[in-house]
Structures are given as structure tokens and as C-alpha cells.
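In my numbering, the protein residues as written are 253 to 448.
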């Protein structure tokens, strides 16, 4: 994370290093730095050189930059967001952060689309990070995990009372194990029409 300057990914540069989420427009936020650290640490064993990573709700592009620093130019980071302007802004942010070559080579791919459906054509993924709270466990994303693979995902609690981070592991045999880690508060993973 020290190799990625958060100031390139926020709207208010003076607040870039505050440990709090910040609006990036279109009812989206960049997560607080401590949440980026939790996600990265949780996925670290599967953020190895040459691996594939999917970042759902990629927003500002910050997580994509962090993941790229770990997996390198021989790996692939796919970021997906359903708001075209956020995707365009994230590409600009990544370029400002010196990652234009990674974008041009395809080591970082930023896609406009429904992240709830993942991006199967670039998978399977060793690691999947979901940056917004899913209303339920996203089975379609679990299907896109490699064997082995891990997903870090906030999910609404049953009944809609709060959210928790879940770690979803798929082992070498394709067996899935889900573990609830800790409570959080994320923006919802939703339809484009509801987010504008």
C-alpha cells in the first residue's frame, strides 16, 4: 500500500490520508485505508506474482493499483464498476499514479459492467475483492474463484440489520468454505439505476 499514493484516488486531496471513507461521486465511496489494509491482508496469500484478481465495485481504482503492485505485470487485475464515469475516472487515477503501461499492456483492465455478475471471461480469479455490500452471498462470484481462491466480501445480514465481512475460500478440490469475520458498514452493491 505504501507504493500507491491515495491522493491520486480521492477528490479532496487534503483529506487523502484520513482513515475514513470519502465520496468519489455517484453515491460511491473510496473505503477507509484500514479497510483496504484488512482486505489486502486477508487476500495476501492469493495476491502472488502472475495471479488473477477481480475487484468488484472498483470505484476509484485504488484497490486495483494496490493489487497490481503485489501481482505484477505478469498477473491481471480486472476492475469492474457499473458507472461509466467512475471507470473513466479510475483509469485517469491509475495513469496519474504511473500505471499507464499496466493499463496499456492489459495487466490492469477497467471494465464498465454489472459487477454482481463478475467478469467470467477473464477468470477464474485467485482473489476477488468486493468493495460494496452484497444483499446476499454472491454465488456467481464464488463460481468465478480459482481452485484455490479466496473472496473478501461484505454481505448484508439476514433481515437487513447490518453487514459483515465474509471470507469465502475455495480449495484445490473446489470445496467452498465461508467464514464471517467482522461487522462493517459499506455502500450497497446495487443496480446502476439506483446508484445515480
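The beta-carbon is built from N, C-alpha and C at its ideal position, and this holds for glycine as well.
These numbers come from a predicted model, not from an experiment.
Check, Outcome
"Bridge partners for residue 292 per DSSP, in chain order?", "Note: residue 292 sits in no beta bridge, so no partner."
"Unbroken alpha helix (DSSP H) runs of length 4 or more, entirely within the region 373-429: which are they?", "391-395"
"For residue 270, does the three-state DSSP call read helix, strand or coil?", "coil"
"Please classify residue 437 as buried or exposed, where buried requires at least 16 neighbouring CB atoms within 10 angstroms.", "exposed"
"Alpha carbon to alpha carbon, how far is residue 309 from residue 332? Give it in angstroms, no decimals.", "6 Å"
"Nearest to residue 253 by CA position, among 383, 286, 392, 427, is which residue?", "286"
"Within this structure, are the beta carbons of residue 418 and residue 441 separated by less than 8 Å?", "no"
"For residue 256, does the three-state DSSP call read helix, strand or coil?", "coil"
"Could you tell me whether the region 374-388 touches the region 310-321, where touching means 3 or more Cβ pairs closer than 8 Å?", "yes"
"Thinking C-alpha only, which one of 345, 430, 373 is nearest residue 306?", "373"
"Roughly how many angstroms lie between the CA atoms of residue 348 and residue 284, to the nearest whole one?", "20 Å"
"If you compare alpha carbons, which of 300, 368, 423, 431 is closest to residue 383?", "368"
"Could you say which of 389, 345, 324, 410 lies nearest to residue 359 if we only look at CA atoms?", "324"
"Report yes if the C-beta distance between residue 512 and residue 405 is below 8 Å; otherwise report no.", "This structure leaves residue 512 out entirely; the chain is present only between 253 and 448."
"By alpha-carbon positions, which one of 294, 293, 428 ends up nearest to residue 393?", "428"
"Run through the region 308-337 for me and flag every whole beta strand (DSSP E) of 3 or more residues, listed as ranges in chain order.", "328-333"
"Assuming residue 525 is part of the alpha helix (DSSP H), what are its boundary residues?", "Residue numbering for the chain in the displayed model covers 253 to 448; residue 525 lies beyond these limits and cannot be assessed."
"Given a cut-off of 8 Å, decide if residue 371 and residue 385 are closer than it, judged by their beta-carbon atoms.", "no"
"For a test of the three-state rule: what should DSSP assign to residue 343, helix, strand or coil?", "helix"
"Kindly list the residues whose CB is nearer than 7 Å to the CB of residue 196, restricted to its own chain and excluding five residues on each side of it in sequence; keep chain order.", "In the structure as shown, the chain begins at 253 and stops at 448. Residue 196 is therefore absent and cannot be evaluated."
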